[in-house]
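Below is one structure, written out as structure tokens, with a few remarks after it.
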DNA sequence: AGTCTGACGGTAT
DNA sequence: AATACCGCCAGAC
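Here it is as structure tokens:
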């Protein structure tokens, strides 16, 4: 059998599918793939050098916890450029920007 | 091989 | 409301 997709690949694929102007959470991705949020953190963190829009992944409170990984335009700036309003390191109106991979992908 | 950590999440206290 | 702890999993030491 050919190489199966690893969690790493699946996670990256989902992150790539997040539309502009939307955000999702580690937990949502984890649930979608039936894996632990820890694995999502691991994979996304490890993917920080790959061209995936990881700045659209926030924690369940809409907080930009991964902002330390984005130094050029900060994570906040990138999200702001997508018409997302950031207030005190968190996504304002988080629920209205939330993109759930379970709901959106089925 | 044991221990700690990580951009988390949920439950218990 | 705030804290503590557990689950879960790969990686670094």
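Residue numbers (the numbering used here): 14 to 119. Glycine residues also receive a C-beta, built at the ideal position from the N, C-alpha and C atoms. The structure presented is a predicted model; accordingly, all values stated were derived computationally and were not measured.
- Around the CB of residue 116, fewer than 16 other CB atoms lie within 10 Å, so the residue is classed as exposed.
- Bounds of the alpha helix (DSSP H) holding residue 109 are 107–110.
- Residue 34 counts as exposed, since fewer than 16 other beta carbons sit within 10 angstroms of its beta carbon.
- One alpha carbon belongs to residue 26, the other to residue 79, and they sit about 18 Å apart.
- Annotation: the continuous alpha helix (DSSP H) that includes residue 20 extends over 20–30.
- Its Cα nearest to that of residue 60, the residue 23 stands out among 101, 108 and 23.
- About 14 Å separates the beta carbon of residue 104 from that of residue 66, a gap too long to meet the 8 Å contact definition.
- It is roughly 17 Å from the alpha-carbon of residue 109 to the alpha-carbon of residue 89.
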